[in-house]
Each structure stands twice: as structure tokens, then as C-alpha cells.
Amino acid sequence: MAQTAGSLEKKANLPLRRYRLTLQGIVQGVGFRPFVYRLARTWGIRGEVYNASSGVCIDAEGEAEQLESFIQEILTRPPRLARISAWQQEELPPKGWRDFTIKTSMAGLEQKVVASPDVALCPDCRREILDQADRHYRYPFTNCTCCGPRFTIIYSLPYDRARTAMAPFTLCPDCAAEYVNPGDRRFHAQPVACPACGPRVTLLDNKGQPVAGDWLEQAASFLRQGCILAIKGLGGFHLAVDATNHEAVTNLRHRKGRLTKPFAVMARDLAMVQKYCYVSQDEAGLLAAPAAPIVVLRRRPATDLAPEVAPGLSSLGVMLPYTPLHLLLLQAGPPLLVMTSANISDLPLIKEETKALQELAGVADYFLSHNREIVNRCDDSVVAWRLGETHFYRRSRGFVPAALQLDLPDGPDVLAAGSDLKNTFCLLKGREAFLSQHIGDLATVETQVAWREALERLQVLCGCRPEIIACDLHPAYFSTRLARELGSNVVGVQHHHAHLASCLAENGITEPALGLICDGTGYGLDGAIWGGEILLGSYNGFQRLYHLRYVPLPGGDQGARHPWYMAVSYLYYYLGPGPGTAAARELFGRQGPALEIVLQMLSRNFQLVPTSSVGRLFDAVAALCGICLENTYDSQAACALEEAALAAGDEQASWPPYPFALTGAEMDPGAMIKAIWQDLQQGVAVPVIAARFHCTLVEMLLQALQLAASFTGLRGVALSGGVWHNSLLLEGVSRELAKRGFTVYRHRSVPPNDGGLALGQAVIARTTWKEETAPCV
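Per numbering that gives the first Met the number 0, the very first residue in the sequence shown carries number 0; after that it's consecutive.
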């Protein structure tokens, strides 16, 4: 029977006992076997430990008291990177073991072990890399059981060198001695390597020809000169330039075709991060965590950071070096580098050298590559510290493929395909949910191929054979098509119901709750585009209690790309055709014929889809204020509007909300739109308008929630959807709900945006599926 760590049942009168334990979870690739070995020696335990598909197996024999202490320490104080999700214990007759050994790994039929995420460089390896007297000095692939590649190099389990990208590299005598020495921290560290036997770095020009000289000195010199380097890292290639070099960053933007979307940077150390950003103790902890994510921080004013790194934003995404290669580059070259994913437009992250040379020849000046294969591509994770907890923008490297433990009954395996934007998929096996790494936008054939490859690999790693497939209800989604290609047992899940279920699942809530879902786009049950909903629901189903009043969305996807389309729609709808048309021409006359086409669409009711999206409301107000007329990246207008509100300073929270109405089941912002138009006519400052808009939205949502609570009797509220990345909205609504006696459920383990959607799809499909099914292959 599966158990969690707890006190063992004592059985007296047996001088010698023997137990067989099987541990599941993240227990391979994290130094578990050497940990058990050393612990056995400490407590005088005899037996063996080995890796198997079912987990880590321990056959332990000893005196009763010592054996109990040995087992308790394993369960309560495992290695730092280990996560025990369940364990089984079986008492056997004593065998008379003479010593304790680490046995060769065994394969099995039932897989209950989980591959470890990649782990950032540890302090011990860092010290060796910088120590001239150490044989790992300046070696860019140094690692041990506490750090290094895991998920990105593994093909299958059990986690042994032969099943990883390190298989081609034969250990030299020194590394072999460390590998087999139970007292060494590299004991059974599968990626162990050194300059004599491990992977090697090569520096190439953009024609693929080797560059003469020391690779590190040359690469550092090129970066200082303002060159763009494509760097093969842990989960794919990055493009890197000196983040303080205006010309270099501008060059990168033009060559990559990424004109305004903010770049992330990598800093040499925490002191360098503090030079450019304000860093709290909690944020410093996120930066230094084993996952080493990008952390979104508040920027300091008046630094030498090139303004093109994050144009128009007061925040900056920062990470610390998480591989030896990064550490060496930042020690030798510029101490702050732009480090952005190497891909073109919305194509997948590049992980192969040949492909990088083909696709990035016109972008990168030089290529810093190596001969260790990247098996599983994996983008950087992005987080922030909000309201005393981790807030995910993207969950990927450092977290995947760690499972989320759910409060669910056992059931058939499920694959949830996710959404089309910010795609991740989810495999639900037993009570564990495995979300994939960030896949991205599924609009391209290449990304769909990457989705299939990632699915095949993750299914192998977690031993999942889906009997049910869940997908979005949108009939035109690429993720829906991918799901239906895999089998016939497909469950369609409404987009915002999935958002609600995702938040409930990670908070362990199985009872009905209210859901405040603020999103950009989601296919509604009535064929409209939803995105501003108050739902009552659980995994079994939902009711829509309130929604933002429908406004026509002109041009479909084009309307989402051009916020001024929505501004024209709001003016036309709420001011009336005549005044609305005049106002639109006054504000957006420079759009010329395009404006007239949008006005004709509205007047003729041609190709219009009604939308209740809060994201589109943000677009409209940002365009009305003149701060964003085109979304060159997702949520650009919403980010600009938040920045404008933040510019109001400490006074932004004191501005009174604009008027609005709650009519029937609708939250109606019409009076607010009219008031904003009047403020614009009177020359009111944009930061004031933006601040009042945020205050209005908070108050409108709160009043609607209070009404919903009054007739449902529910006081638990789940906040989900991409709009909850807005810090003013998240903090304002959370704070006021708590004051009014509500229990607030927020996302802490997956993003509130579509990157967490698949989790909700999976638990809904598992809960609602009632028919006999066959495995999908």
C-alpha cells in the first residue's frame, strides 16, 4: 500500500528485521542511491539499493531501532533535490546481508519514477570551475549529483548514463574513480565529465567555420565588441549580446524581427542584479533556486542598461548563470548579457547546431556550440514574487517534468492538449499531473512537430498511456486538431472552465467554487469570444453567472493584434454610431482606409464576433489613451496600460473608480468608456485615466462577485486567466476579497495564462468521462 512519510509501526521482539522499500517521485538523478548508501553505513544497515522503473528500491536489514531510524531519515530528510510522492513498504524474512551495496539498475513493467528537472550549477562545482588548481578549471560541463543536466539529456528511465546524451562519452580514469566512490559527490552522477573525457565547446563563425584561439577568450571578446552570439545551452540555443550596448541590442532586435517584446538578461551574480534592479530577499531566493528561473524584477532608474532591452517597461526579467558555460562567459565577458531564446518568430527553440547555422546565419555573428546532444528542448521558466508566493508566467526549465500532486481519485490516464498560444500539454497519471515544457504558439507546422516530439518523450518518461484525450472546444484550434488526430476518445472542455479547474486543482479544491476568469480569448458555449466571466463550478461542470457585456470584435484575430479596432468598437457601441464614428475619426484618423473598413464592419454588422474579453477591454482603453495601437507581442497593450497606471505613483490607488453598471448577468463598462472619452477631451493625464481604469475594473469585479456569493452561498474564489499577470489587478482584487471575508485561490505552481490550461482540461476530462475506452496510441 502506498504511504507518505510517517512513523513506522513498531514490532517488538525481533532482533533483526528486513524491509523492502520502493520510493516514487523525483528520486533518480538527484543523488538518492549514494545518499541511502551513506545513511546505511551510518546506521549499520545491510542490504542494497537500486534504480528500477518502479522507483528507487531499498532492501534493508538491521536491528529494529536502527532500521526504523534509517527509514525515517530517508523519508523525512531526503536529498535536497528529491521529491518523494509515495512509498511502499514490505517486511520480509531476514536474509543475512553482509554489507550494503548499490546494485545495477533494473527495468520493470510499471513505471512510477519521475525524471528530475535540470538543476542549476551548485556552489561546489562553481568553486572547482574557478579554481586553477582543480582539474575542472574552466570546464563548461562540470556537474555532480547536486547539479547539472537531467531532463534535457534523458531518453528514458531508469536514469543511467547509457540512457542519456552522455552515453557517447567514455569516462576517463579520474571521472570513473569519482563515479564509483560512494564517498564522492559525483558517485553515480550520470553526466559526470571533465576536459579529458567529456563534451567539448567549439566557436564557429556564421559560415560554420572554426574560429582560431581560445574559445572563451574569443567569445568574451566578441561580446565586448558588440557581436551577437548564438550559444548552445542546456535546453536550446540562446542569442546573447552585451545588455549595456545600445547598438548591439538594436541590431539583435532588427535581425531577429522582435521589435518591442522585452528581452531577458543574465547577470554575472546577485550584486550585478542589484545594480540594475530592486531585489527583495524572496526574489533573491528565486534567483538562486535550483530551478534558476528568469525572475521579473522592478528596474532601478538611470542605469547603463540599453533602453532597447525592455522598452516602455519598469520591470526586467533577470536570471543568474545556471550552467558552467554561462558562468565562464559572464566572468570573462560583459557582466550583463541579453539572453533570449534562439528562434525565428514563433518557431520552436533551436536545439541542433546544423539547424542553428542554417536559420540563424543572418542573425548571429558567431556560434558557441558543443557536441552534447540536447534530447529535450526546454525554454527558460519565468516567474515573479507576488503576494508572498511564486507567480508563474512560464513553467519550463528547472520545473519540468516534476509532477504536481493532485487530490483526485485514481482513474484512467489522460492527455490534455492545452491551448494554441503559450501551449503546454498535460499527462495525468494516477494522482500526478505532468505538464510539458513550454511549447509556444501552435500556428506553425514546426511547432506542431515539436509538440508531438515532446509528447512522445514525456509519455516515455512518465510511463503514461492515455485512454482519454482532452482538448479545447474551439473547432479551429490547432491543439484541437492535434488531439483528434491521436484518437477517438476526445473530451472537449470549455476554455474558461479549464482555467477554473486548473486553479482549483493546484489548490486541492474539489468542491464547487466561484471562478473569476479574466482572459484574452476563449471560445464560449454560445459561439462568442469569452474572457470576462464569473463562473460557479467544479471539475464536473460549471454555470456562467456574470460576464462582461458583449461588444463586437471586428476582424477576429486582426482585432486582437490591433487594439485600436476594439477602441473603435467600444466608442461606436457606447457613444452611438454618429458620435462614436466622429470620436473614432478624431482619435484614429491616421489609420486611413483601415479605419473606414472597421467602421463599415460595425455599421453593417459584418464579420463581427461578440466578445466579453477583459483582455480586449484593456486593448480598447490602451488604444483610447494612445499608448498602444498595435500588439507586436501578446498582451503588449495591457502591459502598457499597467505601466501607465504605475506611473501615477502612490496616488494611483486613491483615484475614484469610473461609473459602471451591473445589469442582469452583465458587467457593463459603458459609463466608464464615456467617462474616459470625456477625460481625454478635457486633457486629463493618461496615468490618471489608466489608474482610474484599474480601480474601476477591481470594483466592478468585486461587486459582481459579492452578488454571486449572496445567492450561491460560496466564499471561495479562484482567480485564473492571463489578465491576472497584471499586478495591480491581482493585488487589488486579492486584497479586497480577503477584506470582505472571501477565500482566494491563486495559481502558485502553474501560470494563470494558457500555459496552465491543460491541467484544468485533464482533471475535467478524468472526472467527467464515464464510458469504456481503449488506450490511444
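For each residue, glycine too, the CB sits at the ideal point set by N, CA and C.
Bear in mind that the values here come from a model prediction, so they are computed numbers and not experimental data.
The three-state secondary structure of ASP268, taken from DSSP, is coil. Looking only at GLY43, PRO306, ARG19, GLU62, the smallest Cα-Cα distance to TYR49 is reached by ARG19. GLY43 sits away from ILE57, with the two beta carbons spaced by 8 angstroms or more. Residue nearest to GLN71 within the set LYS94, LEU80, ALA39, PRO93 is ALA39 (criterion: CA-CA distance).
At the C-beta level, ASP419 and LEU441 come within 8 angstroms of one another.
Under DSSP, THR662 shares a beta bridge with GLU665. Each residue's CA atom was taken as its position, placing ARG37 and GLN87 some 21 angstroms apart. In the same chain as TYR277, and ignoring 5 residues on each side of it, the C-beta atoms closer than 7 angstroms to its own belong to LEU296, ARG297, ARG299, in chain order. The C-alpha of PRO465 is placed about 36 angstroms away from the C-alpha of ALA287. Its chain contains PRO400, LEU426, PHE433, SER435 as the residues whose beta carbon lies nearer than 7 angstroms to that of LEU457, once the 5 sequence neighbours on both sides are disregarded; these appear in chain order. Going by C-alpha positions, ASP633 is about 28 angstroms away from TRP654. Its Cα nearest to that of GLY588, the residue ALA622 stands out among THR302, GLU216, ALA622. In this structure, DSSP gives ASN50 an extended state, which the three-state scheme calls strand. Relative to ALA639, the option among THR662, GLY669, LEU594, HIS724 whose CA is nearest is HIS724. A distance of 8 angstroms or more separates the beta carbons of LEU570 and GLY536.
Judged by pairs of C-beta atoms under 8 angstroms, the stretch 371 to 379 touches the stretch 154 to 172, as three or more such pairs exist.
Secondary structure in the stretch 67 to 136: the alpha helix (DSSP H) runs of 4 residues or longer, each lying completely within the stretch, are 122 to 128 in chain order. The alpha-carbon of ALA63 is positioned some 15 angstroms away from that of THR41. In this structure, the CA atom of CYS121 is about 8 angstroms from the CA atom of ASN142. The beta-carbon distance between CYS193 and ASP213, rounded to whole angstroms, is 18 angstroms. This is too long to meet the 8 angstroms contact definition. Bounds of the alpha helix (DSSP H) holding THR766 are 756 to 767. Per DSSP, the unbroken alpha helix (DSSP H) holding GLU352 starts and ends at 352 to 358.
In the three-state reduction of the DSSP assignment, LEU544 falls in the strand class, which pools E and B.
The DSSP-derived three-state label of LEU228 is strand.
The stretch 175 to 191 and the stretch 218 to 235 do not touch, with fewer than 3 CB-CB distances between them shorter than 8 angstroms.
When DSSP assignments are scanned along the stretch 230 to 255, the uninterrupted stretches of alpha helix (DSSP H) that are 4 or more residues long and fall wholly within it turn out to be 245 to 255.
The DSSP-derived three-state label of TRP384 is strand. In the same chain as SER84, and ignoring 5 residues on each side of it, the C-beta atoms closer than 7 angstroms to its own belong to GLN23, GLY24, ALA402, GLN404, GLU431, in chain order. Under the 8 angstroms Cβ criterion, the stretch 663 to 679 counts as touching the stretch 570 to 584, having at least three qualifying pairs. Put simply, the stretch 711 to 729 touches the stretch 740 to 755. At least three CB pairs are less than 8 angstroms apart. According to DSSP, GLY531 shares a beta bridge with CYS517.
Note on geometry: alpha-carbon atoms of ALA119 and ALA290 lie some 6 angstroms from one another.
Short of 6 angstroms from the beta carbon of THR249, and not among the five residues preceding or following it, lie these beta carbons of its own chain, in chain order: GLU307. Boundaries cannot be given for LYS421, as no beta strand (DSSP E) includes it and DSSP labels it neither H nor E. Excluding its 5 nearest sequence neighbours in each direction, THR339 has C-beta neighbours in its own chain below 7 angstroms: HIS237, LEU238, PHE262, ALA263, listed in chain order. The three-state reading of DSSP puts CYS145 in coil, since its state is none of H, G, I, E or B.
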